[in-house]
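Colleague: Before I ask anything, here is the structure I am working with.
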Amino acid sequence: MEIKWAMAIDLDRCTGCGACVVACVAENNIPVVGEAEVEKGRLMQWIRVARYWEGEYPEAQAVYLPVPCMQCERAPCETVCPVYATYHNEDGLNAMVYNRCVGTRYCANNCPYSVRVFNWFDHVWEKPLDEQLSPDLTTRSRGVMEKCTFCIQRIRRAKETAAEEGREIRDGEAVPACVQTCPPGALLFGNVADPHSEIARKLKDPRRFRLMEHLGTEPRVVYLKRQKGAGR
Amino acid sequence: MLHRRQFLKLGGATAFATLFGGCDKMQRTLIPFVIPPENTTLGEALWYASVCGQCPAGCGIVVRVSEGRAKKIEGNPRHPVNRGRLCARGQAALQALYHPERLSRPMKLSGTRGSGTYAPISWEEALSLLMVPLKKVQAEAPASLLMLTEPMRGHAGLVAGRFMKAFGSKHRVAWDPFGADAMLSANAAIHGIRDLPEHDLANARYLLSFSGDFLETGISPVHYARAYGRMRGDRETIRGKFVHFGPRLSMTAAAADLFLPCTPGTEGIVALGIAHVMVRDRLTAASAVAGRLADDLSAYPPEAVERLTGVHAHDIAAVAEEFARNQPGIAIPGTGAATGPDGAFHCAGVALLNALAGNAGKPGGVSFPNRALAFARYGSEAALLAPAPESGYAAMRDAIDKMRGGAFRIAILSGATNPAFTLPPSLKFSEALSKVPFIAAFASFLDETTSQADLVLPVPTALEAWGDDLAPVGHSGAVTLCQPVVVPFHDTRSMPDVLIAAAGELGGKPAKALPWGSFKECLDKAYGGPGGQMEIALQRGGFFGESSSQRSGARTGTVAFPKGTERPIDGDPKAFPLALHLYPSVTLYDGRGANLPWLQEMPDPVTTAVWRNWVEVNPKTAAGLGLSEGDGVTVTSPSGKITAHVTFNPGIAPDVAAMPLGQGHTRYGKTANGRGENPFALLPAGETYALQATRVSLTKTKLPTRLVRFAHPEGQWKISNLM
Ligand code: SF4
Ligand code: SF4
Chain R
23 MEIKWAMAID
33 LDRCTGCGAC
43 VVACVAENNI
53 PVVGEAEVEK
63 GRLMQWIRVA
73 RYWEGEYPEA
83 QAVYLPVPCM
93 QCERAPCETV
103 CPVYATYHNE
113 DGLNAMVYNR
123 CVGTRYCANN
133 CPYSVRVFNW
143 FDHVWEKPLD
153 EQLSPDLTTR
163 SRGVMEKCTF
173 CIQRIRRAKE
183 TAAEEGREIR
193 DGEAVPACVQ
203 TCPPGALLFG
213 NVADPHSEIA
223 RKLKDPRRFR
233 LMEHLGTEPR
243 VVYLKRQKGA
253 GR
Chain U
44 MLHRRQFLKL
54 GGATAFATLF
64 GGCDKMQRTL
74 IPFVIPPENT
84 TLGEALWYAS
94 VCGQCPAGCG
104 IVVRVSEGRA
114 KKIEGNPRHP
124 VNRGRLCARG
134 QAALQALYHP
144 ERLSRPMKLS
154 GTRGSGTYAP
164 ISWEEALSLL
174 MVPLKKVQAE
184 APASLLMLTE
194 PMRGHAGLVA
204 GRFMKAFGSK
214 HRVAWDPFGA
224 DAMLSANAAI
234 HGIRDLPEHD
244 LANARYLLSF
254 SGDFLETGIS
264 PVHYARAYGR
274 MRGDRETIRG
284 KFVHFGPRLS
294 MTAAAADLFL
304 PCTPGTEGIV
314 ALGIAHVMVR
324 DRLTAASAVA
334 GRLADDLSAY
344 PPEAVERLTG
354 VHAHDIAAVA
364 EEFARNQPGI
374 AIPGTGAATG
384 PDGAFHCAGV
394 ALLNALAGNA
404 GKPGGVSFPN
414 RALAFARYGS
424 EAALLAPAPE
434 SGYAAMRDAI
444 DKMRGGAFRI
454 AILSGATNPA
464 FTLPPSLKFS
474 EALSKVPFIA
484 AFASFLDETT
494 SQADLVLPVP
504 TALEAWGDDL
514 APVGHSGAVT
524 LCQPVVVPFH
534 DTRSMPDVLI
544 AAAGELGGKP
554 AKALPWGSFK
564 ECLDKAYGGP
574 GGQMEIALQR
584 GGFFGESSSQ
594 RSGARTGTVA
604 FPKGTERPID
614 GDPKAFPLAL
624 HLYPSVTLYD
634 GRGANLPWLQ
644 EMPDPVTTAV
654 WRNWVEVNPK
664 TAAGLGLSEG
674 DGVTVTSPSG
684 KITAHVTFNP
694 GIAPDVAAMP
704 LGQGHTRYGK
714 TANGRGENPF
724 ALLPAGETYA
734 LQATRVSLTK
744 TKLPTRLVRF
754 AHPEGQWKIS
764 NLM
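In structure tokens:
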């Protein structure tokens with residue numbers, strides 16, 4: 023079966039809780055940088071939950087917007103990498119080859135969604151915190167760019183299990199860490215090429231929109247707007 | 044296909060076994076969550092089920108273990124409380140397990156009391172240091188033993204309770220800074236049941252929240268967040284509507300369709316205003332209740348309520364009508380309403396709406412599952428296993444008085460609720476504690492409380508110990524089991540294990556009361572032991588069969604009308620113009636998470652601040668005070684004074700200053716220390732427990748630090764594109 027991974031983010035369900043952020047940090051060996059580095063804009067988290075204010079008291083509102091890598095179909099970051107460190111893989115994901123990266127940071131510069139983070143240092147995990155590091159993926163060294171991969175190691179694991187059992191991968195079997203944990207179920211992940219998948223159904227919702235659609239990046243992350251009022 | 048599999052051989056401290064004689068067997072069988080294929084290769088990960096210990100909600104977890112090390116924590120998909128989901132704090136528990144500052148072996152005080160200098164000792168020495176005074180006190184004055192813990196559930200509670208009883212001391216105090224005292228007494232008054240209800244959000248059409256924090260901290264945040272998601276989006280034609288009243292636009296409030304700010308400490312009055320309209324306009328299902336309350340409610344017409352609360356009369360009337368017409372609907376009170384000086388009144392006002400709506404016991408309403416039923420076989424001891432989620436404030440005050448008076452000769456401390464940090468300093472807890480001649484602390488970390496101990500006994504984390512648990516809500520009668528999912532990382536002993544061994548040493552009544560060789564044996568006896576039911580249960584993470592607790596509709600016949608008592612909050616409004624609103628931190632909870640770097644670096648949902656605490660004010664209020672975003676201020680209350688950075692919250696009432704609890708540690712390790720000051724220090728030592736208890740003033744102060752926030756690097760979006 024053809025595979026086209028996609029993520030749906032339902033803003034009507036997202037509460038801004040940040041569980042996805044910590045799930046991602048835990049899954050992907052993401053370093054902690056400390057207060058001073060965050061101030062310089064060097065937070066390493068691969069998904070952020072942006073919070074927007076609107077209006078004034080007493081009508082003020084806040085809306086949360088979880089922003090992982092959009093895994094653009096026509097990714098502006100890919101075309102500018104001089105060494106093909108960032109490329110399109112067989113599932114249509116925008117992947118990174120860390121040991122090819124030479125640290126030009128052109129990709130981050132060209133990403134309209136600001137989701138790429140750069141290793142300004144070799145980050146250290148004070149012992150024994152390194153015991154937790156996932157053996158499924160490396161830690162990245164200084165001078166290397168990184169970003170959300172849709173938890174490619176979890177996708178691989180699910181694919182391998184399916185292959186071992188001689189079957190196709192099931193809907194819902196491969197999910198990134200953020201989707202797995204999201205308490206209100208705001209995040210959904212799956213194969214849009216499979217017309218019976220939950221995500222294929224979800225993406226028919228008239229509330230759908232994509233971030234900065236006018237840029238023509240064709241993101242694989244699709245948002246569903248917040249709703250107003252009771253009933254549907 | 045299920046079959047057993049011998050997996051990790053757990054080592055651990057054998058010294059203890061030498062002293063107390065085989066109280067712990069070296070070999071144990073762990074039961075993996077997903078049974079691995081026969082050809083499991085080394086390096087492949089297995090999942091084991093256990094329980095999250097990061098807050099009292101009791102979510103079920105599964106832990107990914109690879110080569111004996113925990114790699115990731117996820118929610119247990121079978122667990123009724125959280126169904127596979129987990130909050131940020133729960134996932135960060137991994138960092139507590141492998142924390143560089145975790146206590147790895149027993150220690151005795153080597154410097155002066157409270158200096159925090161300790162010398163490592165063996166378990167033999169530690170236990171003899173504990174047993175000598177214990178034996179002496181038991182012979183001479185058993186009532187002078189104090190046990191001060193966080194609320195303990197399951198058989199750990201049974202062991203502690205029985206130990207104290209058999210020892211001959213009734214001074215067992217459990218402290219929880221976010222205890223649900225007010226909600227319990229309100230439910231007793233309105234529903235006739237002194238317990239927490241189950242709110243069936245998933246099936247509700249309308250949700251009224253009164254300073255609710257059910258999506259972030261509250262009683263069971265993952266359980267209710269999941270139910271909230273289902274309320275919004277799981278039904279084909281119905282999307283539940285959510286209206287929030289409260290003084291601050293919190294993370295939970297931000298999720299509401301309609302946020303109606305009210306004056307702090309008036310949540311219950313708003314609720315009574317809504318009740319007034321429901322009764323006046325004959326909108327209630329429970330007409331008998333309505334008839335009886337009509338007279339009392341006549342004092343709360345919307346116009347009068349508007350004057351007291353700042354919520355417009357037409358909003359109150361409109362919400363009342365919508366609530367009544369969109370049943371089943373639920374009214375839910377939050378920590379902000381419950382921890383006002385008159386919290387029980389506010390919670391009762393809210394509970395009254397549920398009674399008037401007649402939703403008790405119905406799908407999409409409130410119900411009171413009988414928690415104690417799971418442990419009914421213990422008779423009167425069942426309360427030890429399923430205690431009411433109270434703060435224990437009164438008992439705590441009493442214990443402080445007695446400590447100061449020299450009534451105690453030994454204090455045994457345990458738990459994450461850290462009273463030296465979470466009690467108002469004016470209660471002088473630490474000073475009183477120092478009057479106790481011998482203090483032993485069971486702990487994973489030194490903190491403001493445990494660093495006062497003479498003897499520190501390191502305990503395993505929830506990922507390394509045997510245990511059982513019954514969650515406060517969402518449990519459906521299910522008992523959660525925990526097992527050591529990894530090889531214990533340090534030379535630790537659980538508190539029940541030490542108490543059981545100590546009881547054996549003491550002989551007599553204590554030995555009879557705790558007749559087991561180890562805590563594991565106690566659990567084996569209780570749950571059918573190896574080879575039986577327990578094995579399957581351990582594999583799944585607990586007993587999640589058909590609900591064993593009956594859902595009881597609450598009895599609404601004797602609804603007592605909530606009476607507000609005049610308990611004005613501290614501080615003259617002239618000198619202290621802003622009401623202080625304290626709330627549990629979304630990331631650090633009551634402060635226990637402050638030593639975990641993942642939580643410190645997770646941007647706060649509302650302010651996006653990291654690594655430091657702040658005081659939230661309305662931008663207009665700040666302008667009036669000449670304050671800009673990020674400015675340092677001194678926050679002064681009649682009881683104390685701290686500094687913090689100002690940050691703007693455009694959705695906070697103009698006469699309020701809000702601060703998250705959890706930062707301000709001084710003795711909780713290098714990640715937690717020096718990240719601002721502790722807002723608990725602003726609280727008066729009141730008769731009843733209250734967090735919303737004082738007014739404050741803000742004065743601009745130069746601070747050497749800066750508040751770092753992480754908002755949206757992509758630039759500001761037009762919000763209308765998102766809604
Ligand atoms: S975990 Fe889900 S609800 Fe929480 S911030 Fe992330 S997407 Fe939103
Ligand atoms: S809500 Fe409490 S018990 Fe559940 S995952 Fe979070 S910290 Fe753990």
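From first to last, the protein sequence lines are chains R and U. Residue numbers for the first sequence follow my numbering, beginning at 23 and rising by one. Residue numbers for the second sequence follow my numbering, beginning at 44 and rising by one. Beta carbons are placed, not taken as given, at the ideal position from N, Cα and C, and that holds for glycine.
1) Compare the Cα-Cα distances from U/LEU140 to each of U/VAL124, U/CYS95, U/ALA450 and report the closest residue.
2) When the cut-off is 8 Å and only beta carbons count, does U/MET538 lie next to chain R?
3) Examine ligand 1 and report whether any of its heavy atoms sits within less than 7 Å of the Cβ of U/CYS95.
4) Who are the neighbours of U/ALA268 on chain R, taking C-beta pairs under 8 Å?
5) When every heavy atom of ligand 1 is checked, does at least one fall within less than 7 Å of the C-beta of U/CYS390?
6) Does DSSP put U/GLY276 in a helix, in a strand, or in coil?
7) DSSP on U/GLU723, reduced to helix/strand/coil?
8) Fully enclosed by the stretch 153 to 213 of chain R, which beta strand (DSSP E) runs are 3 residues long or longer?
9) Would the C-beta of R/PRO88 count as close to ligand 1, meaning under 7 Å from any of its heavy atoms?
10) Taking 8 Å as the limit between beta carbons, can you name the residues of its chain near R/TRP75, skipping five residues before and five after?
11) With U/MET294 and U/PRO648 assumed to form a contact (beta carbons below 8 Å), what rounded beta-carbon distance in angstroms separates them?
12) With hydrogens ignored, establish whether the beta-carbon of R/CYS39 is closer than 7 Å to any heavy atom of ligand 1.
13) Does the distance from the C-beta atom of U/ALA398 to that of U/HIS234 stay below 8 Å?
14) Mind listing the chain U neighbours of R/VAL166? Cutoff is C-beta to C-beta under 7 Å, in chain order.
15) According to the neighbour-count rule (16 or more other Cβ atoms, all chains shown, within 10 Å of its Cβ), is R/PHE172 buried or exposed?
16) Would you kindly report the start and end of the unbroken beta strand (DSSP E) that includes U/PRO627?
17) Among residues of its own chain, excluding the 5 on either side of U/PHE774, which ones have a beta-carbon nearer than 6 Å to its beta-carbon?
18) Mind listing the chain U neighbours of R/LEU159? Cutoff is C-beta to C-beta under 8 Å, in chain order.
19) By the criterion of Cβ-Cβ separation under 8 Å, what are the contact partners of U/MET294 in chain R?
20) Terminal residues of the continuous alpha helix (DSSP H) containing R/TRP118?
21) When the Cβ atoms of the stretch 627 to 636 of chain U are set against those of the stretch 419 to 434 of chain U, are three or more pairs found closer than 8 Å?
22) Does ligand 1 have even one heavy atom less than 7 Å from the beta-carbon of U/LEU129?
23) Hey, is R/VAL71 close to ligand 1, as in C-beta under 7 Å from one of its heavy atoms?
24) Answer yes if the stretch 160 to 171 of chain R comes into contact with the stretch 131 to 142 of chain R, meaning at least three C-beta pairs across the two stretches below 8 Å, and no otherwise.
25) With respect to 7 Å, is the separation between the Cβ of R/PRO206 and the closest non-hydrogen atom of ligand 1 below this value?
26) Going along the stretch 639 to 650 of chain U in order, which residues come within less than 9 Å of chain R, judged by CB to CB distance?
27) Give me the chain R residues within the contact set of U/SER109, using Cβ-Cβ distance strictly less than 7 Å, ordered along the chain.
28) Give the straight-line distance between the Cα atoms of U/MET538 and U/LYS445, rounded to the nearest whole angstrom.
29) Consider the C-beta atom of R/PRO203 and the heavy atoms of ligand 1; say whether any pair is separated by less than 7 Å.
30) For the beta strand (DSSP E) containing U/PHE587, list its first residue and its last residue.
31) Classify R/CYS39 as helix, strand or coil using the three-state DSSP reduction.
32) Name the DSSP beta bridge partners of R/TRP75, please?
33) Could you give the distance in angstroms between the alpha-carbon of U/GLY585 and the alpha-carbon of U/VAL124?
34) Work out the CA separation of U/PRO531 and U/TRP559 for me, nearest whole Å.
35) Note down, in chain order, each residue of its chain lying with its Cβ closer than 8 Å to the Cβ of U/THR775, except the 5 sequence neighbours on either side.
36) Exposed or buried, what is U/SER171 when buried is set at 16 or more other beta-carbons lying within 10 Å of its beta-carbon?
Modeller: Based on what the coordinates show:
1) U/CYS95
2) no
3) no
4) THR37, CYS39, PRO205, PRO206
5) no
6) helix
7) The displayed chain sequence assigns Phe, not Glu, to residue 723 of chain U. Looking at U/PHE723 - three-state DSSP - the assignment turns out to be helix.
8) 209 to 213
9) yes
10) ALA82, GLN83, ALA84
11) 4 Å
12) yes
13) yes
14) In chain order: nothing, as chain U lies at least about 20 Å away.
15) buried
16) 621 to 627
17) In this structure chain U extends from 44 to 766, so residue 774 of chain U is not present and cannot be described.
18) Neighbours of R/LEU159 on chain U: none; closest Cβ ~11 Å, over 8 Å.
19) THR37, GLY38, CYS39
20) Residue identity check: residue 118 of chain R is Met in the sequence provided, not Trp. Taken as a continuous stretch (DSSP letters only), R/MET118 belongs to no alpha helix (DSSP H), being part of the beta strand (DSSP E) at 116 to 118.
21) no
22) no
23) yes
24) yes
25) yes
26) PRO640, TRP641, LEU642, GLN643, GLU644, MET645, PRO646, ASP647, PRO648, VAL649, THR650
27) PRO157
28) 24 Å
29) The sequence given here has Thr at residue 203 of chain R, not Pro. True, at least one ligand heavy atom lies under 7 Å from that Cβ.
30) From DSSP, U/PHE587 is part of no beta strand (DSSP E); its letter is neither H nor E.
31) coil
32) R/ALA84
33) 12 Å
34) 22 Å
35) Outside the shown range of chain U (44 to 766) lies residue 775 of chain U, about which nothing can therefore be said.
36) exposed
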